[in-house]
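Since the structure comes first, as structure tokens, the remarks are kept for the end.
Protein chains: 2
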Amino acid sequence: MSPGGRRIKALETAFEILAVLKENGQMSLAELSEQVDVTKGTAHTHLMTLQQNDLVEQAGERYRLGTGFITYGAHVKNRQLVFQAGKDPVRQLALKTGEICEIATEYDGKCVLLHRFYGENTINREYQQTSFEQHRYLHYGATGKSMLAQMSPERVDRIVDRYGLPAQTNKTITDRRTLFDELERIRERGYAYNDEEEIHGIRAVGTPILSTDGDCLGAICVAGPGGRIDDERFTEAFPNLVAEARSLIEANVQTNDFDVFIN
Amino acid sequence: MSPGGRRIKALETAFEILAVLKENGQMSLAELSEQVDVTKGTAHTHLMTLQQNDLVEQAGERYRLGTGFITYGAHVKNRQLVFQAGKDPVRQLALKTGEICEIATEYDGKCVLLHRFYGENTINREYQQTSFEQHRYLHYGATGKSMLAQMSPERVDRIVDRYGLPAQTNKTITDRRTLFDELERIRERGYAYNDEEEIHGIRAVGTPILSTDGDCLGAICVAGPGGRIDDERFTEAFPNLVAEARSLIEANVQTNDFDVFIN
DNA sequence: CCATAATATTTGGCATTATCAAATACGGTA
DNA sequence: TACCGTATTTGATAATGCCAAATATTATGG
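Protein sequence lines, in the order shown, are assigned to chains H and Y. Counted from 1, the first sequence has number 62 at position 62 by the numbering used here; the numbering is strictly sequential. Counted from 1, the second sequence has number 1230 at position 230 by the numbering used here; the numbering is strictly sequential.
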């Protein structure tokens, strides 16, 4: 992951500042310089440079992350093939099911949530926006497991070695053997279940999105509370709808019927 | 804007790299070092540091911006009061009108698009995702003008001095006098129109969102193609629906019925 | 109104290091 | 195998990031 070589130390200091700001929301210069372990003067010069580039903003005496991240983030998201090809079909999926639908991709062995669409059944604060704020473990959810199922066993092993299989609920897969069996079943079925493995009471059905030459571009899922998702929807209706969306998206990927590199 | 003082030069170099990468999408080391005007060695060390922090990723011999921006961006977005308070009402607005609805805020005299909700009428690629990738001029649209209308004349003057009033279509406001008149009318009405001022064929109705003590937190709007938005909807239905959403949001802001700093 | 304190900001100087230039390694091609 | 065009690493040094201390700012209380 981190191939030996030099690093720019000043940049690493800046990253520490950004990480601490993300952690704490907003901080005074004194708090910040204490946490990051640099003098106030140093922290100040860094903050000024970051501010000038919109990655930090200052409200009174408090510093926090700036709106520049929003535009950079949008750029990265918009250049994800699976998002470009998937946004319309997945939006349709959310409308049809009335539930939450997500598009995700994988980076560095973790799950990156790209977009979430809300169907009409979904109510206020049923889902945490903060899922976007950190990459999640792949073995937690339907999108993650869909993507794991597309990887070589060696790659899966390496990911598990690196991150382990921490539990999120009492149904989370925490055992390597169980995980490999599950991935096998996902490959057979073509889609993945998540039955309260990440959040109590939440079920989801997901499927990977493959490019023409078989690369896994990401995954999609539909998710909702168990109260609204009975076994019929969970095992019949949703898998069919998800498969349908997948076909649409993969057709989009093939025809490239969208602009990936528009400016 | 840039209060005198020192800067971290290495950080500025990193920002140049990020900006060039955003501009060009993806680049080889050679291209990049040429554009940024540093040696390949220097660029390489920077890229390694950026990559280690997920702000850059490497695909073969090409570098591009990384998924770390997505998580940082989500963090910033989720901490915007207007987004937390507005997301549910504006989603409802999109469902009711069937059109596109947006939540935006202002930073540094520009418009920052936070979120866009799609009603069922909206079709594939009707709107550019790239609006998220850069801050837009405030005088272009309904959200921007709503926010301008809440500022002091001095502040508006300073913004116009700084950015000018560039045209986007032949209906864009390009004259300071006209702008001030328009802002006055917006204040009287309580909402702003955008009749093809930003994009040919697109009309929008927007309104600011104010905090309890009168600060402007941001703005919302509903937008769609002229073909679907006749004068009745434009001047009657939409203003009412937008006003209704505004009331809901401002009530949310007051009661703080959401978690801004959840983790 | 001044004194006090706690903050942010600026400045001087030195040790660290970001940078350049050049050498090396790597990957594809003929 | 030799070649060429990449990326990557390395050595040396001029530049600068950093610390420590000085100054400015802002808020608070008597």
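Ideal Cβ placement from N, Cα and C applies to all residues, glycine included. Since the structure is predicted, the reported quantities are computational estimates derived from the model, not experimental observations.
Within the same chain, C1111, V1112, L1113, L1114, T1143, G1218, A1219 come within 7 Å of Y/A1104 by CB-CB distance, once the 5 residues on both sides are set aside. Rounded to whole angstroms, the gap between the alpha carbons of H/G190 and Y/T1071 is 29 Å. In summary, the residues of the segment 21–49 of chain H whose CB is separated from some CB of chain Y by less than 7 Å are K22, G25, T45, H46, M48, T49, in the order they occur in the chain. With fewer than 16 other Cβ atoms from the protein chains shown falling within 10 Å of its own Cβ, H/I123 counts as exposed. A straight line joining the alpha-carbon of Y/H1200 with that of Y/E1232 spans about 20 Å. Assignment of H/S247 by DSSP, reduced to helix, strand and coil, places it in the helix class. Judged by DSSP in its simplified three-state form, H/Q134 adopts coil rather than helix or strand. Using a Cβ distance threshold of 8 Å, H/I17 and Y/T1045 do not count as a contacting pair. Secondary structure of Y/D1195 (DSSP, three-state): strand. Rounded to whole angstroms, Y/T1067 and H/R6 show a C-alpha spacing of 22 Å. Annotation: H/Q92 to H/L32 spans about 45 Å, alpha carbon to alpha carbon. When the beta-carbon positions are compared, H/Y137 and H/Y107 stay at least 8 Å from each other. Secondary structure at H/K145: helix, using DSSP grouped into helix, strand and coil.
Residues of the segment 1003–1014 of chain Y whose Cβ lies closer than 7 Å to any Cβ of chain H, in chain order: G1005, R1006, R1007, I1008, A1010, L1011, E1012, A1014. Residues A1142, K1145, S1146, I1186, G1206 of the same chain have their beta carbon placed closer than 6 Å to that of Y/A1192, with the five preceding and five following residues left out of the count.
Secondary structure at H/V222: strand, using DSSP grouped into helix, strand and coil.
In the DSSP assignment, the residues bridged to H/F117 are H/C101. Minimum Cα-Cα distance from H/N53 among the listed residues Y/A1030, Y/I1202, Y/T1212, Y/E1012 corresponds to Y/E1012. Rounded to the nearest angstrom, the gap between the Cα atoms of Y/V1076 and H/L65 is 6 Å. Beta-bridge partners assigned by DSSP to Y/Y1107: Y/K1110.
Rounded to the nearest angstrom, the Cβ distance from Y/G1119 to Y/A1094 is 4 Å, consistent with a contact under 8 Å. For Y/E1061 against Y/S1028, the beta-carbon gap comes to about 5 Å, under 8 Å, which counts as contact. A residue is called buried when at least 16 other Cβ atoms come within 10 angstroms of its Cβ; Y/R1158 does not meet this threshold and is exposed.
Beta-bridge pairing by DSSP links H/L210 to H/C216. For Y/A1251, the closest alpha carbon among the candidates Y/K1022, Y/A1010, Y/A1030, Y/P1089 is that of Y/P1089.
As DSSP reads the structure, Y/S1028 sits in a beta bridge with Y/R1062.
Within chain H, the residues placing a beta-carbon under 8 Å from that of Y/Q1134 are T71, ordered along the chain. Short of 7 Å from the beta carbon of Y/F1083, and not among the five residues preceding or following it, lie these beta carbons of its own chain, in chain order: K1077, I1103, L1114, H1115.
The beta carbons of H/V253 and H/L241 sit about 19 Å from each other, so the pair does not count as a contact at 8 Å. About 6 Å separates the CB atoms of Y/L1179 and Y/H1139; that is less than 8 Å, so the two are in contact. Against chain Y, the CB of H/L248 has no partner CB under 8 Å away; the residue lies outside that interface. When the Cα atoms are used, H/L81 and Y/T1130 turn out to be separated by approximately 14 Å. For H/A149 and H/V156, the gap between their C-alpha atoms comes out near 8 Å. For H/L81, there are no neighbours in chain Y by C-beta distance under 7 Å, as the nearest C-beta there is about 12 Å away.
What H/Y140 touches in chain Y, judged by beta-carbon distance under 7 Å, is nothing: the nearest beta carbon there is about 16 Å away. From the listed residues Y/P1225, Y/R1079, Y/D1213, the smallest Cα separation to Y/R1203 is found for Y/P1225.
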